[in-house]
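Participant:
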DNA sequence: GTCTATAAGAAGATAGAC
DNA sequence: GTCTATCTTCTTATAGAC
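Chains as they are written, first to last, in the working numbering: chain P, 50 to 242; chain E, 50 to 242.
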C-alpha cells in the first residue's frame with residue numbers, strides 16, 4: 050500500500066474515534082509508522098488531510114446506502130427492512146467510515162464548520178432521494194401509505210437510523226440490535242398502507 | 050452571581066459548542082472575565098470543572114423531560130405530542146444544557162469515557178421509565194397498542210428525538226420542526242391501538 | 001520521501017505576591 | 001480570590017541533510 054493511502058486509512062480511524070482536536074499529527078504518524086514531518090510530504094497541513102478523508106467518506110457512505118437498497122427481495126417491505134438491518138449491522142460493526150461521517154456531520158470543528166456542512170448537506174439529500182425512490186415504488190405497489198409523502202417517510206427513516214447511531218455509543222451491540230427490531234416494527238406500522 | 054456559578058455557566062456553553070478538547074481554560078477564563086490561574090481557586094483542574102457541569106446537566110435534563118410530560122392535556126395522545134413538540138422546540142432553542150448532554154453522551158473524550166457513560170446510562174434509563182409510565186396509561190385507556198411493550202415504544206420515541214437532535218446541526222430550525230411533525234405522524238401511527 | 005532538529009505557539013497547571 | 005510570572009508538555013509546522 051502506498052504511504053498516502055495508509056495515512057488516509059489510519060487517520061480516518063483516529064479522527065472517527067478521537068475527533069479532530071483529539072487526533073494529533075504525531076498520533077497519525079505513529080500509527081502509519083513514519084515520523085511526523087513525513088506527513089507534510091503528502092499533505093500541506095492537517096486540514097488538507099482531514100478534507101481528503103471527508104471526500105472519501107462521503108463517497109463510501111453514499112455507495113453503502115445505494116448497495117443496501119439494491120439487495121434482492123420479494124417485496125418492498127423486505128427490501129426496506131433488509132436495508133434497515135444492514136444499516137444497523139454496520140453501526141454495530143464499528144465501521145470507521147460510518148462513525149467518521151456521523152461524528153463530523155453533528156460536531157464539526159468550529160473553524161471547518163461552514164465548509165463541512167455544505168458538503169454533508171448535499172450528500173444527505175442525495176441519499177434521501179435514493180430511499181424515497183424505493184418508498185415510492187412501495188406506494189405504487191400499494192404496500193405503503195399514499196397519503197404521506199415518500200420523502201417525509203424517507204426522512205423519518207434516516208431520523209431513526211441517526212437515533213440508533215446515537216445509542217451505539219451508550220448501549221451494547223446486542224441491545225441496539227434488539228432496539229432496532231422494535232423501532233422497525235413501529236416504523237413499518239407507521240408507513241404501511 | 051458568584052464567580053463559581055459564572056464559571057459553570059460559561060463553561061457549559063463552551064463545552065457544548067466546542068467540545069472538551071476545543072474548550073481551553075484560557076477561553077473559559079476570558080468569558081468569565083478573570084485570568085486563567087484564578088479558575089484553579091475554584092476547581093482542582095479541568096476535569097473536575099467538566100464533571101461539575103455534567104452533574105448539573107443531568108439534573109436539568111431529567112427535570113426537563115419530567116416537566117414536558119406533566120403538561121395538562123385531555124388525551125394521552127395530546128400529552129405525548131405536546132411533550133414531543135416541547136422536546137423539539139428545546140432543540141431548536143439552542144439550549145446549551147441539551148446540547149451539552151447530547152454531545153458528550155455520543156462523543157465522550159476518550160480519557161473520561163468510562164465515567165461519563167456510566168452516568169449517562171443511568172440518567173437515560175430514568176428518563177425512559179418516566180415516558181413508559183405515560184405510554185402504559187395510554188395502553189390502559191385503550192388508545193395505545195397493547196401488543197407492543199411500553200418501554201419499547203418509549204425507546205423508539207427517544208430514538209426519534211435523538212435522530213432529530215442530529216439534524217439540528219445540519220438543517221434550519223424550520224426544517225427540523227417541519228420534519229418533526231412528519232416524524233410524529235409516523236410514530237403515532239406506529240403505536241396507536 | 002523520509003529523516004533529525006527545531007521553531008513558535010498554545011495547552012494545563014503551579015508558585016508565590018498581594 | 002485574583003493576579004503575574006513561569007514551568008512543562010504538547011501542538012502544528014518548517015529547515016535542511018540524506
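Every residue gets a Cβ at the ideal spot worked out from N, C-alpha and C, and that includes glycine.
(1) Using a Cβ-Cβ distance cut-off of 9 Å, determine whether residue 68(E) contacts chain P.
(2) Whole-angstrom Cβ separation of residue 242(P) and residue 201(P), contact assumed at under 8 Å?
(3) Does chain E have any CB closer than 9 Å to the CB of residue 220(P)?
(4) Take residue 222(P) as the anchor and find which of 179(P), 138(P) and 237(P) has the nearest alpha-carbon.
(5) Between residue 102(P) and the rest of its own chain, which residues show a CB-CB distance below 8 Å, the 5 nearest in sequence each way excluded?
(6) With 9 Å as the threshold, decide whether the Cβ of residue 151(P) is near any Cβ in chain E.
(7) When the Cβ atoms of the region 85 to 104 of chain E are set against those of the region 94 to 110 of chain P, are three or more pairs found closer than 8 Å?
(8) My output table needs one value for residue 241(E): the three-state DSSP class, helix, strand or coil.
(9) Taking 9 Å as the cut-off, decide whether the C-beta atoms of residue 196(E) and residue 231(P) are in contact.
(10) With distances taken from CA atoms, which of 217(P), 146(P) and 188(P) is nearest residue 240(P)?
(11) Measure the CB-CB distance between residue 224(E) and residue 216(E) and report whether it falls below 9 Å.
(12) Would you say residue 50(P) reaches chain E, if we count a Cβ-Cβ gap shorter than 9 Å as a contact?
(13) Would you decide whether residue 244(E) is buried or exposed? Buried here means 16 or more other CB atoms lie within 10 Å of its CB.
(14) Can you tell which of 133(E), 185(E) and 79(E) has the C-alpha that lies nearest to the C-alpha of residue 229(E)?
(15) Which term fits residue 142(P), buried or exposed, when burial requires 16 or more other beta carbons within 10 angstroms of its beta carbon?
(16) Given a cut-off of 9 Å, decide if residue 184(E) and residue 169(E) are closer than it, judged by their beta-carbon atoms.
(17) Under a Cβ-count criterion, where at least 16 other Cβ atoms within 10 Å of its own Cβ denotes burial, should residue 128(P) be classed as buried or exposed?
(18) At what residues does the alpha helix (DSSP H) containing residue 80(P) begin and finish?
(19) Spell out whether any CB of chain E is found under 9 Å from the CB atom of residue 193(P).
(20) Which whole runs of the alpha helix (DSSP H) in the region 197 to 238 of chain E are 4 residues long or more, in chain order?
(21) Could you tell me which whole alpha helix (DSSP H) segments of length 4 or greater appear in the region 103 to 145 of chain P?
(22) Go through its chain and collect everything with a Cβ distance to residue 81(E)'s Cβ below 6 Å, but skip five positions before and after it.
(23) Mind checking whether residue 111(P) and residue 165(P) have CB atoms under 9 Å apart?
(24) Skipping 5 residues on each side, what residues in its chain have a beta carbon closer than 7 Å to that of residue 124(E)?
(25) Whole-angstrom Cβ separation of residue 177(E) and residue 203(E), contact assumed at under 8 Å?
(26) Take the Cβ of residue 72(P) as the centre, count every other Cβ of all protein chains shown within 10 Å, and call the residue buried at 16 or more, exposed below.
(27) Tell me which residues of the region 158 to 169 of chain E have at least one Cβ-Cβ distance to chain P shorter than 8 Å, keeping chain order.
(28) Name, please, each residue of chain P whose Cβ falls closer than 9 Å to the Cβ of residue 154(E).
(29) Any beta carbon of chain E sitting closer than 9 Å to that of residue 176(P)?
(30) Could you tell me which chain P residues have their CB closer than 9 Å to the CB of residue 103(E), listed as they occur along the chain?
(31) I'd like to confirm the pairing. Which residues does DSSP put opposite residue 193(E) in its beta bridges?
(32) If you compare alpha carbons, which of 51(E), 160(E) and 205(E) is closest to residue 181(E)?
(33) Near residue 53(P), what residues of its chain come up, given a Cβ to Cβ distance below 6 Å and the 5 sequence neighbours on each side ignored?
Facilitator: Result, derived from the coordinates:
(1) Chain P contact via Cβ: present.
(2) With 8 Å as the limit, residue 242(P) and residue 201(P) do not qualify as a contact, their Cβ atoms being about 15 Å apart.
(3) So yes, residue 220(P) belongs to the interface.
(4) When the alpha-carbon of residue 222(P) is set against those of 179(P), 138(P) and 237(P), the nearest one is in 138(P).
(5) Short of 8 Å from the beta carbon of residue 102(P), and not among the five residues preceding or following it, lie these beta carbons of its own chain, in chain order: 57, 60, 61, 64 and 149.
(6) Yes, residue 151(P) counts as interfacial toward chain E.
(7) Counting C-beta pairs closer than 8 Å gives fewer than three between the region 85 to 104 of chain E and the region 94 to 110 of chain P, which falls short of the contact rule.
(8) Here residue 241(E) carries a strand assignment [DSSP, helix/strand/coil].
(9) Not closer than 9 Å, so no.
(10) When only C-alpha atoms are compared, the closest one is 188(P).
(11) Judged by beta-carbon spacing, residue 216(E) lies within the 9 Å limit of residue 224(E), meaning their Cβ atoms are closer than that value.
(12) Closer than 9 Å: no.
(13) An answer regarding residue 244(E) cannot be provided, because it is not within the stretch 50 to 242 covered by chain E.
(14) The candidate whose alpha carbon is nearest that of residue 229(E) is 133(E).
(15) Here residue 142(P) is exposed: its Cβ has fewer than 16 other Cβ atoms, across all protein chains shown, within 10 Å.
(16) The Cβ-Cβ distance between residue 169(E) and residue 184(E) does not fall below 9 Å.
(17) Residue burial is scored here from C-beta neighbours: residue 128(P) has at least 16 other C-beta atoms within 10 angstroms and is therefore classed as buried.
(18) Counting along the chain, the alpha helix (DSSP H) containing residue 80(P) begins and ends at 74 to 81.
(19) Not one chain E Cβ lies under 9 Å of residue 193(P).
(20) The alpha helix (DSSP H) runs of length 4 or more contained entirely in the region 197 to 238 of chain E are, from start to end of the chain, 199 to 217.
(21) Whole alpha helix (DSSP H) segments, 4+ residues: 125 to 141.
(22) Spatial neighbours of residue 81(E) in its own chain (CB-CB distance under 6 Å, excluding positions within 5 residues in sequence) are listed in chain order as 55, 56 and 59.
(23) No. Outside cutoff.
(24) 192, listed in sequence order.
(25) Rounded to whole angstroms, the Cβ separation of residue 177(E) and residue 203(E) is 5 Å, and the two are in contact under 8 Å.
(26) Result: buried.
(27) Taking 8 Å as the Cβ-Cβ cut-off against chain P, the residues of the region 158 to 169 of chain E that qualify are 158, 159, 166 and 169.
(28) Going along chain P in sequence order, the residues near residue 154(E) (Cβ under 9 Å) are 215, 218 and 219.
(29) Put simply, the CB of residue 176(P) is far from chain E, with every gap to its CB atoms at 9 Å or more.
(30) Within 9 Å Cβ-Cβ: nothing; residue 103(E) doesn't reach chain P, min ~15 Å.
(31) According to DSSP, residue 193(E) bridges with 241(E).
(32) For residue 181(E), the nearest C-alpha among the options comes from 205(E).
(33) Excluding residues within five positions, the ones whose Cβ falls inside 6 Å are 91.
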